[in-house]
Amino acid sequence: MLIGTATRVHSPSCEKRTDSFNWRVRLTRREPSHRTLGNGRKPLCAPPWGGEVLEKAKSQIGVLKELFSRLAEIVRECPGQYYRYHGDWKSETQTVVSLLAFMHWLETGSLLMHSEAEDKLGLNNSEFSLDIEDYLVGICFMSNELPRYVVNQVTAGDYDCPRKVLKFLTDLHAAFRMLNLRNDFLRKKFDGMKYDLKRVEEVHYDVKIRGLAANGEPNLNEGIQEQT
Numbered sequence: 312m313l314i315g316t317a318t319r320v321h322s323p324s325c326e327k328r329t330d331s332f333n334w335r336v337r338l339t340r341r342e343p344s345h346r347t348l349g350n351g352r353k354p355l356c357a358p359p360w361g362g363e364v365l366e367k368a369k370s371q372i373g374v375l376k377e378l379f380s381r382l383a384e385i386v387r388e389c390p391g392q393y394y395r396y397h398g399d400w401k402s403e404t405q406t407v408v409s410l411l412a413f414m415h416w417l418e419t420g421s422l423l424m425h426s427e428a429e430d431k432l433g434l435n436n437s438e439f440s441l442d443i444e445d446y447l448v449g450i451c452f453m454s455n456e457l458p459r460y461v462v463n464q465v466t467a468g469d470y471d472c473p474r475k476v477l478k479f480l481t482d483l484h485a486a487f488r489m490l491n492l493r494n495d496f497l498r499k500k501f502d503g504m505k506y507d508l509k510r511v512e513e514v515h516y517d518v519k520i521r522g523l524a525a526n527g528e529p530n531l532n533e534g535i536q537e538q539t
């Protein structure tokens, strides 16, 4: 019964709305522009896409919240079965978390916390919450996108963006190093984060060598350390 109902929840129309959200957020990494957000604030790194696109992406969060609410209603019909069927939606959840985290970083320059992600998706209840591993994997997915974003930014003429992203990724990588991760998918995604950090670091130094970097250097003493 749960699987059949879950299939209806993930109907083509629902998938189309979710894909629309994914498309709008991913578009923010590609389109050159230097416009402000709807609230008048300038996005971090003067993104190459325009605040209008980000506002359109944010407007789709309500759609995702509705879909997760419907899924939660299904799960409540089978108490104690959350993790039995969790695999049916965890991949989509991880992707959504990565996109929300990317938008949050663009606006604030800070990491989207687990509780904040739950609030955005309406998953802050005991019966249907945001699995902590899904959150962490989503953050790793976000990290994978930042090197490409930095290259796009430099191409658009924002030479200070690599410095900001490098500082953020350095702190994020250091925070993940404090976790005692098992040798599983999450650990593999975290291991890949150091390559994201290295790619951004290379862009930052390339910009710096060419004399294009803005003032204000991040603390790079932590560097990139190999896991033992």
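Each residue of the sequence shown is one higher than the one before, starting from 312 at the first, in our numbering.
Glycine is no exception: its CB is placed at the ideal position from the N, C-alpha and C atoms.
Local conformation of residue 338 per DSSP, three classes: With a pLDDT of only 43 at residue 338, under the threshold of 50, the placement of this residue in the model should not be trusted; the figure read from the coordinates follows. It is helical.
With a CB to CB cut of under 6 angstroms and the five nearest residues on each side skipped, what residues in its chain are close to residue 435? 429
Could you check whether residue 412 and residue 282 sit closer than 9 angstroms to each other, using their CB atoms as the reference points? Residue 282 falls outside the range modelled here, since the chain spans only 312 to 539, and no answer is possible.
Inter-residue Cα distance where the pair is residue 515 and residue 431: 33 angstroms
How about residue 445: is its Cβ closer than 8 angstroms to a heavy atom in the ligand ATP? Absence of the ligand ATP from the depicted structure is noted, as is the absence of any ligand whatsoever, leaving it without description.
According to DSSP, is residue 501 helix, strand or coil? helix
As a quick exercise: from 465, 470, 452, 382, pick the residue whose alpha carbon is nearest that of residue 505. 452
For residue 393, the nearest candidate out of 437, 408, 421 (CA to CA): 437
Do the region 454-464 and the region 473-490 meet, that is, are 3 or more Cβ pairs less than 8 angstroms apart? yes
Compute the beta-carbon to beta-carbon distance between residue 496 and residue 487, rounded to the nearest angstrom, for a pair I have assumed lies under 8 angstroms. Not quite, the Cβ-Cβ distance comes to about 14 angstroms (not below 8 angstroms), so this is no contact.
When you compare each of 418, 446, 419 to residue 425 by their alpha carbons, which one comes out closest? 446
Under 9 angstroms, do residue 423 and residue 407 count as touching if we go by C-beta distance? no
Here's a check: name, in chain order, each residue in its chain whose Cβ is nearer than 6 angstroms to the Cβ of residue 454, leaving out the five neighbours to either side. 504, 507
Around the C-beta of residue 468, are 16 or more other C-beta atoms found within 10 angstroms, so that it is buried, or is it exposed? exposed
Exposed or buried, what is residue 391 when buried is set at 16 or more other beta-carbons lying within 10 Å of its beta-carbon? exposed
Does the beta-carbon distance from residue 483 to residue 511 come in below 9 angstroms? no
If you measure between the beta carbons of residue 519 and residue 433, is that distance less than 9 angstroms? no
Quick one: grab the DSSP three-state call for residue 400. coil
Residue 521 lies in the alpha helix (DSSP H); which residues open and close that run? Here residue 521 belongs to no alpha helix (DSSP H), and DSSP marks it neither H nor E.
Among 523, 385, 378, 416, which has the Cα closest to the Cα of residue 456? 416
Which complete alpha helix (DSSP H) runs does the region 382-449 hold, if anything under 4 residues is left out? 393-396, 401-419, 425-432
Would you give the residue range spanned by the alpha helix (DSSP H) that residue 485 belongs to? 472-488
Helix, strand or coil at residue 467 [DSSP, three-state]: coil
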